[in-house]
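Report on the following structure.
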Amino acid sequence: MNTVWLNSKTVVPSIANTAINRERLLQVLQEGSSTNLTIVQAPGGYGKTTILSQWISHINQPTSWFSIDALDNDPIRFWKYVIQSVSDSLKSDLANRLFPLFHSPLHSPHELIIDSFLNELSTINQYIHIVLDDYHVIEDPTIHEMMTRFIDYLPSNTRVYLLCRTTLPLPLAKWRVQSNLTEIDFEQLSFTYEEVEALYKKKNHLIVDEDRFYQNLLNSTEGWVAGLQMASLSMVTDELHDSRFDGTHPFVTEYLLKEIFRTLSPEIQDFLLQTSVLTMLEPKICNLLTSRSDSYDVLVELVEKGIFTVRLSSARPVFRYHHLFADVLQIEMRNKYPEEQVSSIYKNAGTLLCEKGDYISAIELVLQQKIFHLADAWIKTYLVDIFTSGQIATFVRWIDTFRKDNYSLPYETIVMYTIALTSIPDLKKAKQIIDELEQRNIINQWMDHPDNQGIVSILTTLKAYVLMAIGDEPEKVVEILVNQLKAGRVSSRWDHIPMHYNQFEPKISRTLMGAKGKFSPLNGAIAFSDFLRQTEFKEQNLMGFSYGVLAEIMYEANLLEDALHEIEGGLQYANRFQDSGLAIPLYILKSRIYMAKKQFTSAQAVLDHAIQSVTEWYWVRSLRAMKAHCYLMQFDLINAEMELFKMDRPDILKIELGQEFWLLVYVRLLLNKKNYHEALTISILVKEKASNDEQISTIIEALILEAICYLKIDSHELAISTLHKALELGSAYEYKRIFLDEAEINSLFKKYISFRQKDTSTHWEAVPLSYIEDLIRTCTKIDDKSMRGILTPREMDVLQLLARGASNREIASQLFLSEGTIRVYLTNIYSKLEVQSRTQAILLAKEWNL
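Position 24, counted from 1, in the sequence shown is what my numbering calls 143; the numbers after and before it change by one each time, with no gaps.
The structure is reproduced here in structure tokens:
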């Protein structure tokens with residue numbers, strides 16, 4: 120079952136018949152069309168929703184509307200509503216394309232969600248308005264961070280409106296300086312004399328001394344729209360007269376609302392009190408809750424009389440009370456009814472919502488009243504749906520509420536709570552809960568109960584995952600996994616839940632499945648993979664990632680053909696499970712192997728095929744970066760730069776969401792363009808970010824490029840010390856190919872050996888001399904093998920003379936050949952080396968030290 124989405128939250132509220140045209144405010148909104156953001160801020164009852172509804176009706180352009188309530192303090196729920204609303208307003212399948220980012224127990228990074236949404240908006244060929252009503256209800260800091268990013272990078276075709284009561288925790292000052300913000304405050308929203316007059320004339324009130332009445336009313340209410348409305352109601356009920364509006368009457372919201380409330384019949388009062396716990400008022404639910412059959416008529420009458428009730432949709436009978444009114448009604452309910460009756464109202468309302476399918480609202484409602492047994496039962500029933508809908512933050516908040524009251528929850532719920540903590544991520548707290556569950560097992564042996572075996576199996580895997588993520592006890596992780604594999608899978612209701620092990624990383628070694636690049640020794644990795652492939656896990660997508668991890672380890676060991684074999688095995692799983700998170704890193708690695716073999720045409724073909732297979736911007740970005748890398752290896756700077764910048768990113772140099780891969784290719788482009796200092800700066804930034812994230816392969820790669828930058832600016836000591844750090848990490852995890860793939864590595868190795876020979880200090884011992892010597896030998900073999908395998912001896916002679924700067928005539932003379940024959944040789948050499956010019960051939964020959 121999917122989460123119930125309330126369409127009433129995403130429709131533009133109807134405009135009351137008594138609403139007047141406020142041309143001056145519409146003009147402010149019109150003048151703000153050049154800005155991406157409009158904030159309408161005022162206390163409750165100032166007509167924020169009404170003026171925006173009128174504006175939307177006035178402009179007649181696609182508009183997304185989202186009426187926010189307290190339940191929306193969950194980043195996933197919040198943005199799913201926003202995206203669904205936008206998708207509906209455009210009549211597009213935008214939501215279908217973006218929702219897969221939400222449907223995983225392992226959350227997509229919030230930046231990925233926002234950037235993907237922005238990418239979709241930028242492709243729309245029309246103007247779109249996004250209205251977020253009651254944004255002040257949002258307290259979740261993650262939503263504010265996501266909103267800030269969203270507004271910072273809004274495309275020019277999108278305008279956002281935030282309606283709120285209080286100052287928002289957003290960078291308003293920055294947006295003001297950028298002239299990207301239109302603001303409407305309570306002073307602007309306050310009614311003028313002319314608007315008060317227009318309002319009362321539209322209501323057809325009989326007033327004797329109009330000038331005096333309107334001025335007194337304006338003075339006492341200070342233009343507050345809700346106050347004007349209450350005064351109008353009081354006149355109708357004869358509870359309030361002109362004489363009482365002399366400027367001395369304390370216009371206290373709660374007091375006046377109660378005055379109006381008490382003029383209603385006892386039956387209507389009870390109806391209002393009992394239904395005040397509902398966020399959305401549907402006549403059918405109201406009938407069942409109040410034991411009436413005329414709820415629709417009651418709600419329509421409340422709207423017509425202007426008693427703080429709004430009809431949300433003209434097409435469907437859905438209503439809500441004004442927030443001020445609902446707050447006062449709930450206070451009155453607790454004052455009037457005994458606690459048992461209040462609890463009964465909450466329980467009945469929650470049960471009705473749950474039976475309707477809106478279990479999120481139902482659980483939230485009974486938790487407000489601390490009816491824990493019901494909330495517990497409903498969470499247990501809908502636990503799988505809660506996870507697959509992605510509302511993890513809401514789930515965590517619920518469990519925290521239970522735990523604060525020391526309520527004992529089922530073990531399955533606690534284990535899922537731990538998984539939720541890892542996805543937030545709060546790994547420290549997750550580890551504490553795992554320890555707590557193990558301590559409870561010592562006391563009551565709950566893990567031995569047959570009914571708990573499925574959840575115990577999940578907990579065991581989860582423990583290995585958490586230990587791996589925080590970098591603790593690697594031997595323990597392997598031991599846990601081996602024991603788990605030997606024990607075999609235990610069936611549970613979670614078996615069908617799809618797991619996405621990689622959402623945007625171009626290398627599997629950058630994911631937790633790849634231990635963030637902390638490679639196991641090759642023989643151990645092969646043995647573990649062979650063992651894994653004999654278990655019942657071989658039918659799961661997880662097995663595909665075991666192929667991918669081993670392929671990357673083999674590539675680093677320079678076992679290219681073995682790596683290709685593993686890639687093909689992994690691609691079978693990727694195709695079977697339609698998993699781009701497995702397929703794209705494998706295609707990138709496959710192209711890298713072809714590039715290592717100087718088979719550039721094959722490498723580009725693999726990447727082009729992969730680009731055709733995906734639509735997500737983050738995969739296309741990484742694939743284009745790899746194409747650029749391939750062009751750089753062919754010394755084609757123009758096409759390399761074109762490929763790199765085909766993707767339009769909000770902040771292309773910001774290090775996030777796998778952007779490190781793109782940035783390090785960009786560093787290589789800068790090196791080729793001799794922009795050494797900029798290349799150095801970016802290398803250092805990527806290295807620092809990778810160090811914070813403990814991404815081993817990226818740290819090594821960034822260090823190598825940093826060392827090359829130092830070499831280019833003649834800072835040789837810095838170059839050698841930086842390379843030493845890379846070698847130290849590389850030797851610890853048996854990296855080889857990451858060094859050999861860099862064109863300048865031979866020069867660095869030679870200087871490194873020279874420095875080691877001159878300096879006898881002990882710090883060099885962190886890198887075994889045998890390791891660096893093996894790298895140098897392998898590098899030499901690669902160069903020799905590349906030359907011998909590609910070119911004939913005579914072609915080698917021609918290329919060697921070409922590299923020395925000889926002209927065709929000089930080459931012909933030295934080899935006793937004609938110039939025409941030399942041209943034929945050069946054509947063959949260019950073809951074999953997959954270069955397009957004499958310059959590229961010379962550069963390649965120099966790379967091979969000819």
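Positions of the beta carbon are idealized from the N, C-alpha and C atoms, including for glycine.
Item                                                                                                               : Value
Cβ separation of TRP174 and SER204, assumed to be a contact under 8 Å, to the nearest whole Å                      : With 8 Å as the limit, TRP174 and SER204 do not qualify as a contact, their Cβ atoms being about 17 Å apart.
Element boundaries [alpha helix (DSSP H), containing VAL250]                                                       : It is not in any alpha helix (DSSP H) - VAL250 instead sits in the beta strand (DSSP E) that spans 247-252.
Residue environment, GLN778, which counts as buried when at least 16 other CB atoms sit within 10 Å                : buried
Three CB pairs or more closer than 8 Å across the stretch 659-673 and the stretch 832-847                          : no
In DSSP terms, what SER183 is bridged to                                                                           : ILE249
SER621 burial status per 10 Å Cβ neighbour count (16 or more: buried)                                              : The question names Ser, but residue 621 is Asn in the sequence shown. When all chains shown are included, ASN621 counts as buried.
Separation of LEU578 from ASP570, as counted between CA atoms                                                      : 14 Å
Beta-carbon proximity of ALA838 to ALA821, cut-off 8 Å                                                             : no
CB contact flag (LEU690, LEU705, <8 Å)                                                                             : yes
Through-space distance from THR277 to LEU213, alpha-carbon basis                                                   : 15 Å
Delimiting residues of the beta strand (DSSP E) encompassing PHE438                                                : 438-440
Spatially closest choice to ILE170 from PHE305, ILE948, PRO529, by CA coordinates                                  : PHE305
First and last residue of the uninterrupted beta strand (DSSP E) at ILE627                                         : Per DSSP, ILE627 belongs to no beta strand (DSSP E) and is neither H nor E.
Neighbourhood of ILE599 by C-beta, 7 Å cutoff - its chain only, sequence neighbours within 5 removed               : THR579, LYS582, ALA583
Touch test, the stretch 151-171 against the stretch 313-322, Cβ-Cβ under 8 Å, three pairs minimum                  : no
Helix, strand or coil at THR301 according to DSSP, with G and I counted as helix                                   : strand
Segments assigned beta strand (DSSP E), at least 3 residues, entirely inside the stretch 124-167                   : 156-160
Closest by C-alpha distance to SER889, when choosing among ILE562, ALA744, GLU853                                  : GLU853
Own chain, CB closer than 8 Å to ILE178, minus 5 neighbours either side, in chain order                            : HIS248
Residue span of the alpha helix (DSSP H) that contains TYR666, given as start and end                              : 660-675
Cutoff 6 Å; reference ASP361; Cβ partners in own chain excluding five residues on either side                      : Bear in mind that a pLDDT of 46 at ASP361, under 50, signals an unreliable position, so the number given afterwards is only what the model happens to contain. Excluding sequence neighbours, ASP361 sits near PHE332.
ASP698 beta carbon near the ligand NAD (any heavy atom closer than 7 Å)                                            : As far as ligands go, the structure on display features none, and thus does not contain the ligand NAD.
Beta-carbon separation (whole angstroms), VAL422 vs PHE438, contact threshold 8 Å                                  : 7 Å
Check whether ILE518 and LEU528 have beta carbons under 8 Å apart                                                  : yes
Cβ-Cβ separation, VAL609 to GLY573 (assumed contact under 8 Å), whole Å                                            : 5 Å
Member of ASP812, ILE819, SER834 whose CA lies at the smallest distance from the CA of TYR795                      : SER834
Nearest neighbour of SER127, chosen from VAL147, ILE187, THR137 [CA to CA]                                         : ILE187
The stretch 848-864 contacting the stretch 625-641, beta-carbon criterion three pairs below 8 Å                    : yes
Test item: CB-CB of THR137 and GLY476 under 8 Å                                                                    : no
Short Cβ contact (8 Å threshold) for PHE604 with PHE650                                                            : First, the amino acid is wrong: residue 604 is Leu here, not Phe. Yes; because the gap between Cβ atoms is below 8 Å, this pair is in contact.
Three-way DSSP call (helix, strand, coil) for THR800 in this model                                                 : helix
Close-in-space but distant-in-sequence residues of the same chain around MET766 (CB under 7 Å, 5 per side omitted) : TRP736, VAL739, ARG740, ARG743
Cβ neighbour criterion (16 or more within 10 Å) applied to ILE562                                                  : exposed
Integer Cβ distance of LEU782 from VAL805, believed to fall under 8 Å                                              : 5 Å
Presumed contact (8 Å Cβ cut-off) between ILE703 and VAL733, rounded CB distance                                   : 7 Å
Neighbour-count burial assignment, GLU624, 16 or more Cβ in a 10 Å radius                                          : buried
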